[in-house]
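I have placed the structure first, in the form of structure tokens, so that the comments after it can refer back to it.
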Amino acid sequence: MNIKSATKQIEGAVRAYLAKDEDGTYLIAPQMQRPIIMMGPPGVGKTAVVSQVAERLGVNFVSYSITHHTRQSALGLPYIDEATYGGTTYKVSRYTMSEIIASVYDSMAASKVDEGILFLDEINCASETLMPAMLQFLQYKTFGQHRLPLGWVIVCAGNPPAYNRGARDFDPAMLDRLKRIDVEPDLAVWQEYAASHGVHPAVTSYLQAKPDRFYLVRAGVAHTRIVTARGWEDLSRMLQAYERVGLEPDLDLVSQYLQDADTAEDFWVYLQMFLRYRRSCNVRSILDGSFLPDDVEHAACAGADEKIAVVGMLTSSVLERVHAVDATEQVLGEERPLVADALGHEDQVAKCLAQSRRRLSQLQADGSASDVRRRREAERVRLWERLAGRVGGSRDAASQAATSEALRAEFNQVVRQLGARLEQTSDQVDSALDFVGQAFGEGDMALMAVSRLATDPAFMRFQAHHGSARFQRMSSQLMLDERGLGLLKEADQLKQAQDQGGVEPLSEDQKD
Numbered sequence: 014m015n016i017k018s019a020t021k022q023i024e025g026a027v028r029a030y031l032a033k034d035e036d037g038t039y040l041i042a043p044q045m046q047r048p049i050i051m052m053g054p055p056g057v058g059k060t061a062v063v064s065q066v067a068e069r070l071g072v073n074f075v076s077y078s079i080t081h082h083t084r085q086s087a088l089g090l091p092y093i094d095e096a097t098y099g100g101t102t103y104k105v106s107r108y109t110m111s112e113i114i115a116s117v118y119d120s121m122a123a124s125k126v127d128e129g130i131l132f133l134d135e136i137n138c139a140s141e142t143l144m145p146a147m148l149q150f151l152q153y154k155t156f157g158q159h160r161l162p163l164g165w166v167i168v169c170a171g172n173p174p175a176y177n178r179g180a181r182d183f184d185p186a187m188l189d190r191l192k193r194i195d196v197e198p199d200l201a202v203w204q205e206y207a208a209s210h211g212v213h214p215a216v217t218s219y220l221q222a223k224p225d226r227f228y229l230v231r232a233g234v235a236h237t238r239i240v241t242a243r244g245w246e247d248l249s250r251m252l253q254a255y256e257r258v259g260l261e262p263d264l265d266l267v268s269q270y271l272q273d274a275d276t277a278e279d280f281w282v283y284l285q286m287f288l289r290y291r292r293s294c295n296v297r298s299i300l301d302g303s304f305l306p307d308d309v310e311h312a313a314c315a316g317a318d319e320k321i322a323v324v325g326m327l328t329s330s331v332l333e334r335v336h337a338v339d340a341t342e343q344v345l346g347e348e349r350p351l352v353a354d355a356l357g358h359e360d361q362v363a364k365c366l367a368q369s370r371r372r373l374s375q376l377q378a379d380g381s382a383s384d385v386r387r388r389r390e391a392e393r394v395r396l397w398e399r400l401a402g403r404v405g406g407s408r409d410a411a412s413q414a415a416t417s418e419a420l421r422a423e424f425n426q427v428v429r430q431l432g433a434r435l436e437q438t439s440d441q442v443d444s445a446l447d448f449v450g451q452a453f454g455e456g457d458m459a460l461m462a463v464s465r466l467a468t469d470p471a472f473m474r475f476q477a478h479h480g481s482a483r484f485q486r487m488s489s490q491l492m493l494d495e496r497g498l499g500l501l502k503e504a505d506q507l508k509q510a511q512d513q514g515g516v517e518p519l520s521e522d523q524k525d
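Residue numbers (my numbering): 14 to 525.
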């Protein structure tokens, strides 16, 4: 199955394993909860999806690569203890707590959450001396004398032996105790992920045009040729960082992430064209609707790769703006009750600000946290910093009343500013799609643009609440095309399912 289906299966299993009856007893007894094992080629996103499941469910996530462990570090170190049995004292062997189990307890202490997912990567590559202890752990959830706490689900990942010389198959008796999920790379699913996570438009548009370049793991004469989803995403991050600091990427850089010479060279040629065209194409004028007929004609006369690059640049720019306003809107909706509670109790503002800063710091230090979650928490910090600037130090009744009114006015100003940004963003979506329609008509390029927007959850939230008329018209027209029918029908259903409305200002009669 693809990684999207695997994610659904994993989330369903974790939710079922953590479900309790009215007495607080787990519906599936911990000893009957089969560990989940994902088997698939490297770099398809196995670790990332498990981390995202933990994030969505609000539970801990502890990750270990078993290839980095010896029997001693995983099981614990032996020591001699004394115990009395039948009136006689004996010397007995004990084990210190496993580093892995200790990390679980550390995570619980830091988060104040008792449940979580323990992710063990490359499980079938454990050393010969460690493998018996790992099999015991998967079956009984114990390392030596120390048991995995209740409420923790084991999820493992491994590569089939065809992809990893150190990998081995589990025997049938062991497999009968595991919940196995086989995962395969799927570009269409990855493109959905890429659209919502800000992957560089040069990467997404290139793979849109050349899907056969997405994934390759093949043994060569000198070395293994490998191109994976992980490699594309890591290259995207590096390209974005290079742009931010003013550095020019080169073929050597690309080859470090795309470890197949043909793919690296082919993408490098496309990347040069993409960057050159982006410098000559005024994306800002297109988004604000001030583009000229010459701009349309230039795009219409471009080659196939250049047309794909234009669509990639425009949709990425649109999504960047949509994600920004969506983050603000989501945060304002979540924080509005807290702001209302702070009226008349202004010391709560400092507490909320401190909590938001602490969460942001934790997310920045947590390599498994998603970019979307970090951006949203940063938006939350900015909101509370702005409100904190309106809180005075005086405690008398008149000053507190004035501070409450200032807080209400500041929050409502933020809401009004968001409304203006939402309207501007809707106009920018219309302008971008107008340009695509004028330059390329209602064919493949229009389908590509609408499809990429429709697969982005934040965009569909935006469309449901603040809709782009041009997007709606193009969607309706393209639904006549069999290639876009299924996707656009799904997008339309999502639109209809969204609750209408937005963030309401705090009213004047808000209880203090």
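Every residue gets a Cβ at the ideal spot worked out from N, C-alpha and C, and that includes glycine.
#1: Give every residue of the same chain whose Cβ lies closer than 6 angstroms to the Cβ of L493, excluding the five residues on either side of it in the sequence, and list them in chain order.
#2: Helix, strand or coil, according to DSSP, for N73 in the structure here?
#3: Can you check the stretch 312-376 for any alpha helix (DSSP H) of at least 4 residues that lies completely inside it and give the ranges in chain order?
#4: Taking C-alpha atoms, which residue in A401, A29 and E256 lies nearest to P43?
#5: Could you give the residue range of the alpha helix (DSSP H) that holds Y30?
#6: Taking G171 as part of the beta strand (DSSP E), name the residues at either end of that continuous run.
#7: Could you tell me which residues DSSP pairs with T101 in its beta bridges?
#8: Take V309 and list the residues in its own chain whose beta-carbon comes closer than 6 angstroms to its own, dropping the five residues that flank it on each side.
#9: For L90, count neighbouring Cβ atoms within 10 angstroms of its own Cβ and tell me buried if that reaches 16, exposed if not.
#10: Going by Cα to Cα distance, which pick from G100, E95 and S116 is closest to S106?
#11: Does DSSP put L229 in a helix, in a strand, or in coil?
#12: Run through DSSP, which three-state label would S106 get?
#13: Ignoring anything shorter than 4 residues or poking outside the stretch 409-468, list the alpha helix (DSSP H) runs there in chain order.
#14: What does DSSP give as the partner residues of P91 in its beta bridges?
#15: Helix, strand or coil, according to DSSP, for T217 in the structure here?
#16: Could you name the residues of the same chain whose beta carbon sits closer than 6 angstroms to that of S481, not counting the 5 residues immediately before and after it, in chain order?
#17: Rounded to the nearest angstrom, how far is the Cβ of R483 from that of D447, given a contact under 8 angstroms?
#18: What distance in whole Å lies between the Cβ atoms of M51 and A19, which are believed to be in contact at a cut-off of 8 angstroms?
#19: Is A462 closer than 7 angstroms to V449 when the C-beta atoms are compared?
#20: Cα-Cα, which of V362, E455, L271 and K192 is closest to M251?
#21: Buried or exposed: which applies to H479, given that a residue is buried once 16 or more other Cβ atoms fall within 10 Å of its Cβ?
#22: Apart from the five residues on each side of it in sequence, which residues of its chain come closer than 7 angstroms, Cβ to Cβ, to L376?
#23: Check whether the Cβ of D36 lies closer than 6 angstroms to any heavy atom of the ligand HEM, and answer yes or no.
#24: Unbroken beta strand (DSSP E) runs of length 3 or more, entirely within the stretch 230-259: which are they?
#25: Under the rule that 16 or more other beta-carbon atoms within 10 Å means buried, what is C314, buried or exposed?
#26: Would you check if the distance between the CB atom of G346 and the CB atom of V216 is smaller than 7 angstroms?
#27: Buried or exposed: which applies to I16, given that a residue is buried once 16 or more other Cβ atoms fall within 10 Å of its Cβ?
#28: Which residue comes first and which comes last in the alpha helix (DSSP H) that contains L148?
#29: Given R434, which residues of its chain have a CB within under 6 angstroms of its CB, disregarding the five upstream and five downstream residues?
#30: Are the stretch 418-429 and the stretch 275-292 touching by the rule of at least three beta carbon pairs closer than 8 angstroms?
#31: Confirm, please, whether the CB-CB distance from A445 to L300 is below 7 angstroms.
#32: So which of V282, M326 and C138 has the shortest CA-CA distance to P214?
So, to answer that:
#1: Taking the first residue of the sequence shown as position 1, residue 493 is located at position 480. Because L493 sits at a pLDDT of 39, beneath the cut-off of 50, its placement in the model cannot be relied upon, and the point is left open.
#2: Position 60 of the sequence shown, counted from the start, is the residue given in the question as residue 73. In the structure shown, N73 falls within a strand segment according to DSSP collapsed to helix, strand and coil.
#3: 317-355
#4: Translated into positions along the sequence shown, residue 43 becomes position 30. Here the closest residue by C-alpha is A29.
#5: Numbered from its first residue, the sequence shown carries residue 30 at position 17. Run containing Y30: I16 to L31, per the alpha helix (DSSP H) assignment.
#6: The residue labelled residue 171 in the question sits at position 158 within the sequence shown. Start and end: W165 to G171.
#7: Taking the first residue of the sequence shown as 1, we reach residue 101 at position 88. According to DSSP, which records beta bridges pairwise, T101 is partnered with Y98.
#8: Within the sequence shown, residue 309 is the residue found at index 296, counting from 1. Excluding sequence neighbours, V309 sits near Q451 and A452.
#9: For the purposes of this step, residue 90 is taken as residue 77 along the sequence shown, with counting starting at 1. Its Cβ having fewer than 16 others within 10 Å, L90 is exposed.
#10: Along the sequence shown, one-based indexing puts residue 106 at 93. For the residues G100, E95 and S116, the minimum Cα distance to S106 belongs to E95.
#11: The count along the sequence shown starts at 1 and reaches residue 229 at position 216. L229: strand per DSSP, three-state reduction.
#12: Sequence index remark: in the sequence shown, residue 106 carries index 93 (1-based). Note: S106 maps to strand in three-state DSSP.
#13: The DSSP assignment places complete alpha helix (DSSP H) segments of no fewer than 4 residues inside the stretch 409-468 at 410-453 and 457-467, in order along the chain.
#14: Stepping through the sequence shown from its first residue, residue 91 is reached at position 78. Partner(s): Y108.
#15: Taking the first residue of the sequence shown as 1, we reach residue 217 at position 204. Helix at T217.
#16: Translated into the one-based positions of the sequence shown, residue 481 becomes position 468. Correct list, in chain order: S439, V442 and D443.
#17: Here residue 483 refers to the residue found at position 470 when the sequence shown is read from its first residue. Here residue 447 refers to the residue found at position 434 when the sequence shown is read from its first residue. That pair is a contact at about 6 angstroms.
#18: Here residue 19 corresponds to residue number 6 of the sequence shown, with the count starting at 1. Here residue 51 corresponds to residue number 38 of the sequence shown, with the count starting at 1. Indeed they touch by this definition, with Cβ atoms about 6 angstroms apart.
#19: Looking up residue 449 in the sequence shown gives position 436. Looking up residue 462 in the sequence shown gives position 449. In this structure, A462 lies closer than 7 angstroms to V449 by Cβ.
#20: Within the sequence shown, residue 251 is the residue found at index 238, counting from 1. Checked all of V362, E455, L271 and K192; the closest Cα to M251 is L271.
#21: Position 466 of the sequence shown, counting from 1, holds the residue named residue 479. Buried: at least 16 other Cβ atoms inside 10 Å.
#22: Residue mapping note: residue 376 aligns to position 363 of the sequence shown, counting from 1. Once the five neighbours on either side are set aside, the close Cβ partners of L376 are A382, R386, R387 and E390.
#23: You won't find the ligand HEM in this model; it holds no ligand whatsoever.
#24: 238-240
#25: Looking up residue 314 in the sequence shown gives position 301. Its Cβ having fewer than 16 others within 10 Å, C314 is exposed.
#26: In the sequence shown, counting from the first residue as 1, residue 346 sits at position 333. In the sequence shown, counting from the first residue as 1, residue 216 sits at position 203. In this structure, V216 does not lie closer than 7 angstroms to G346 by Cβ.
#27: Numbered from 1 along the sequence shown, position 3 holds the residue referred to as residue 16. Counting Cβ neighbours within 10 Å, I16 comes out buried, since at least 16 surround it.
#28: Translated into the one-based positions of the sequence shown, residue 148 becomes position 135. Unbroken alpha helix (DSSP H) run through L148: M144 to Y153.
#29: Taking the sequence shown and counting its residues from 1, one reaches residue 434 at position 421. V338, listed in sequence order.
#30: no
#31: Stepping through the sequence shown from its first residue, residue 300 is reached at position 287. Stepping through the sequence shown from its first residue, residue 445 is reached at position 432. Against a cut-off of 7 angstroms, the Cβ pair of A445 and L300 comes out as a contact.
#32: As a first step, residue 214 must be located in the sequence shown, where it is residue number 201. In this structure, M326 is the residue among V282, M326 and C138 with its C-alpha nearest to the C-alpha of P214.
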